[in-house]
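A.B. asks:
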Amino acid sequence: MMKASVIVLGAGMVGTSTAYHLRQQGLEVVLVDARQPGLETSYGNAGVIQREAVEPYPFPRSVGKLFKVGLGLDNTVHYTPSALPGLASRLLRYWWNSRPSAYGHIAGAYSALIRHALDEHLPMIERAGASDQIIKDTGMYIMYRSARELTAEAAIARQKAQQYGLKLDVLNGTELASAQPMLKCSMAGALHWRDPWSIHGPGRLVGRYAELFGHDGGHFAIGHAQTLRRDGAGWQIGTADGVVQAEHVVIALGPWAGEALQPFGYNVPLFAKRGYHREYGAVKNCPDAPLLDTHTGTMLAPMGDGVLRITTGADFSRFGAPPALRQLTRCCHHAGEMLDLGGSRPKAGPWLGNRPCMPDMLPVIGPAPRHRGMWFHFGHGHQGITLGPVTGRMLAERIAGKTPFIDMTPYLPERLNL
Ligand SMILES: Cc1cc2nc3c(=O)[nH]c(=O)nc-3n(C[C@H](O)[C@H](O)[C@H](O)COP(=O)(O)OP(=O)(O)OC[C@H]3O[C@@H](n4cnc5c(N)ncnc54)[C@H](O)[C@@H]3O)c2cc1C
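Quick note: the sequence shown uses UniProt numbering, first residue 1, plus one each step.
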C-alpha cells in the first residue's frame, strides 16, 4: 500500500501539469493513467500554445454557416446525423451560452486564463530542457481565401489585439506568399498572430513534464479510473505498483471525465468535439509555423524534421464511434493544394481525438459538489495544451490551502448544479 497526499487521475497535459504543480507545493503526489503520459488527446493535437485564443469558440450563430454545415458543404464542422439526438441538450446549451449577452462574460473568464499560458509554460519548458527541440516561437497564421472575409476578420482581430495586448500583423496575399513561400495556392491574406508558440510533438512535451515531475519526487503509476474507491475520509485506487491511498483525488481524465464520474452520481454535461490528424514525413519545404486555412478547416502543423501534421476542425459524432474520415480526407486533399506534398507519404494516422468541451466553454476546476477530497479538472476544449499549466497551478494552490493566483469562481463545478 502506497500513501500519498493526492492522486491525480489522468496524465494528459492537464493532469500532468496539475501533478507537477502539486509537487511544487510540497505534496506527495501519485499520477495515475491507463497509459503512459501524453498518449491520448494531448498527443495528437495541432500543438499550438494559443496565446491569441483569448475567446473560446462560440456555437456558430450565422444562418448561412449553419445551413452550409447542415448540407455538409462546410468542412470546418462535420456531424453524424444519428449522433445529434444524444448531443442535442448539450449543443442547445452551448448555442444558448454563445448569445452575445452571455458570451461576453464567458470570454472574460476565458481570457483571464489564456493570458498566463506562455508565462506558465515557459519555466516548465526551460526546466524540462525542451526549448530548442520542442518549442518554436513562430506565431500562427490564420489564412483567408476571400478578401472580403479577410477585411472583416482583420477588423475584429485588430480590436482583439488592442483589447488583450496581442501582437498581430495583417498580411495581404503578397506578404503572406513572401512570409510562407512554400504555399502553392494564392490566398487573400492572413492574420499573423505573433504570440503563439508551436510545439513539435505535444505528447512529447507532456512526457517531458512528467519526467520533471518524477525528477522532483513525484510518482507515476499505471492504473484505471474504474478502481477508484472511497477509503474512509480519503480515496484509494489500484495501480500496477499496488493500491495507492490519498486524502485527495483530482479527476483530470479529459474527455473520459464524464463516464468516470457517473458511478459517483455526477452527470457532467461534457461533450466531445472530435478531431483527426494524419502526418506526412519528409515534406519538402514544410512550413515553419502552423497555418490554418479557415475556408476548409485545414490546419498545417509542423512537427519538426520535415513532418507535417494535418489536423481537422470539429466532428460531432458519438463518443467512441468509429472515425468518420470524410473531413480528414478533404483536409489532406486541401493540404495538397496548398503545399507540395510530392513524394512524401502518410507517416501516421488517421488519428482520432476528442476535445473535452463544456456547454459554457469554460473548464471545470474545483471541489466536487458532494465528495470531500475529490477535485474536478477537465473540460479544456480546444485549448487544453495551452491551458494545462495555468489551471494546473491554480488548482494545486487551492488544494495546498493557498489563494490561487487566478480567481477560481468562474470555473467552479458548482455552476453546473450537478
Ligand atoms: C485535432 C485537435 C487539435 C487540437 N489542437 C490544439 C492546439 O493546437 N492547442 C491546444 O491548446 N489544444 C489543442 N487541442 C485540444 C487539446 O488537445 C485538449 O484540450 C487537451 O489535450 C486535453 O488534455 P487533457 O489532459 O484534459 O486530456 P487527455 O490528454 O485526453 O488526457 C486524459 C488522460 O486520461 C487517461 N484515461 C482515460 N480514461 C482512463 C481510465 N479509465 N483510467 C485511467 N486513465 C484514463 C488517458 O489515457 C489520458 O492520458 C486540439 C485537440 C484536437 C482533437
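Just so you know, even glycine gets a beta-carbon here, dropped at the ideal spot from N, CA and C.
Contact defined as beta carbons within less than 8 Å: I believe Ala117 pairs with Leu212. What is the distance between those atoms, to the nearest angstrom?
C.D. replies: Position 117 of the sequence shown, counted from the first residue, corresponds to residue 117. Position 212 of the sequence shown, counted from the first residue, corresponds to residue 212. In fact, because the Cβ distance is near 18 Å, the residues do not count as touching under 8 Å.
A.B. asks: Would you say residue 424 touches ligand 1, meaning its beta carbon is less than 7 Å from a heavy atom?
C.D. replies: The structure shown does not extend to residue 424, since the chain is modelled only from 1 to 418, so the question has no answer here.
A.B. asks: Relative to the alpha-carbon of Arg148, which residue among Ala188, Asp132 and Leu171 has its alpha-carbon at the smallest distance?
C.D. replies: Against the sequence shown, residue 148 aligns to sequence position 148. Taking only the C-alpha atoms, the option nearest Arg148 is Ala188.
A.B. asks: Out of Gly173, Thr227 and Tyr164, which one is the CA nearest neighbour of Leu150?
C.D. replies: Position 150 of the sequence shown holds residue 150. The option with the nearest alpha carbon to Leu150 is Gly173.
A.B. asks: Check for me: the alpha helix (DSSP H) holding Val390 runs from which residue to which?
C.D. replies: The sequence position of residue 390 within the sequence shown is 390, counting from 1. Gly384 to Ile399 is the extent of the alpha helix (DSSP H) around Val390.
A.B. asks: May I ask you to report which of helix, strand or coil DSSP gives Ser5?
C.D. replies: As a working mapping, residue 5 is identified with position 5 in the sequence shown. It is a strand residue.
A.B. asks: Taking buried to mean at least 16 other C-beta atoms within 10 Å of its own C-beta, is Asp305 buried or exposed?
C.D. replies: For this step, residue 305 is matched to residue 305 along the sequence shown. So Asp305 ends up on the exposed side.
A.B. asks: What do you reckon, are the CB atoms on His248 and Val6 nearer than 8 Å?
C.D. replies: Numbered from 1 along the sequence shown, position 248 holds the residue referred to as residue 248. Numbered from 1 along the sequence shown, position 6 holds the residue referred to as residue 6. Against a cut-off of 8 Å, the Cβ pair of Val6 and His248 comes out as a contact.
A.B. asks: Under 7 Å: does the beta carbon of Thr386 sit that close to some heavy atom of ligand 1?
C.D. replies: If you number the sequence shown from 1, residue 386 lands on position 386. Yes; taking the cut-off as 7 Å, the Cβ of Thr386 has a heavy atom of ligand 1 nearer than that.
A.B. asks: Could you give the residue range of the beta strand (DSSP E) that holds Ile114?
C.D. replies: For the purposes of this step, residue 114 is taken as the residue at position 114 of the sequence shown. Looking at the DSSP string, Ile114 is not in any beta strand (DSSP E); the run it does join, the alpha helix (DSSP H), is Pro100 to Ile114.
A.B. asks: Pick out whichever of Pro181, Lys160 and Ile399 has its Cα sitting closest to the Cα of Glu286.
C.D. replies: As a working mapping, residue 286 is identified with position 286 in the sequence shown. Per the sequence presented here, residue 286 reads as Cys, with Glu not at that position. Checked all of Pro181, Lys160 and Ile399; the closest Cα to Cys286 is Pro181.
A.B. asks: When burial is assigned at 16 or more other CB atoms within 10 Å of the CB, is Gln327 buried or exposed?
C.D. replies: Stepping through the sequence shown from its first residue, residue 327 is reached at position 327. Per the 10 Å Cβ criterion, buried.
A.B. asks: Could you pull out every residue in the same chain whose Cβ sits closer than 6 Å to the Cβ of Val307, ignoring the five residues on either side in sequence?
C.D. replies: Locating residue 307 in the sequence shown gives position 307, where the first residue counts as 1. Result list for Val307: Glu279 and Gly281, in chain order.
A.B. asks: Around the C-beta of Lys3, are 16 or more other C-beta atoms found within 10 angstroms, so that it is buried, or is it exposed?
C.D. replies: The residue you call residue 3 lines up with position 3 of the sequence shown. Exposed, because fewer than 16 other Cβ atoms sit within 10 Å of the Cβ of Lys3.
A.B. asks: Which ranges does the alpha helix (DSSP H) cover as unbroken runs of at least 4 residues, wholly within the stretch 105-183, from first to last along the chain?
C.D. replies: Runs of the alpha helix (DSSP H) inside the stretch 105-183: 117-127, 131-134, 147-164 and 173-179.
A.B. asks: For Gly10, is the beta carbon positioned less than 7 Å from some heavy atom of ligand 1?
C.D. replies: Against the sequence shown, residue 10 aligns to sequence position 10. Yes, the Cβ of Gly10 comes within 7 Å of a heavy atom of ligand 1.
A.B. asks: How about the stretch 312-332 and the stretch 348-363: do they share at least three Cβ pairs that are nearer than 8 Å?
C.D. replies: At 8 Å Cβ cutoff, the stretches touch.
A.B. asks: Considering only their Cβ atoms, is the gap separating Leu183 from Met338 smaller than 8 Å?
C.D. replies: Within the sequence shown, the letter at position 338 stands for residue 338. Within the sequence shown, the letter at position 183 stands for residue 183. Cβ distance < 8 Å, so Met338 and Leu183 count as in contact.
A.B. asks: Grouping DSSP H, G and I as helix and E and B as strand, with all else coil, what is His334?
C.D. replies: In the sequence shown, counting from the first residue as 1, residue 334 sits at position 334. Three-state DSSP puts His334 in a helix.
A.B. asks: Checking the sheet assignment: what are the DSSP bridge partners for Pro367?
C.D. replies: Stepping through the sequence shown from its first residue, residue 367 is reached at position 367. DSSP lists Trp375 as partners of Pro367.
A.B. asks: Asp137: buried (16+ other C-beta within 10 angstroms of its C-beta) or exposed?
C.D. replies: One-based indexing of the sequence shown puts residue 137 at position 137. The residue in question, Asp137, is exposed, as its Cβ has fewer than 16 Cβ neighbours within 10 Å.
A.B. asks: Is it right to say Arg208 is buried, meaning 16 or more other beta carbons lie within 10 angstroms of its own, or is it exposed?
C.D. replies: Taking the sequence shown and counting its residues from 1, the one referred to as residue 208 is at position 208. It counts as buried.
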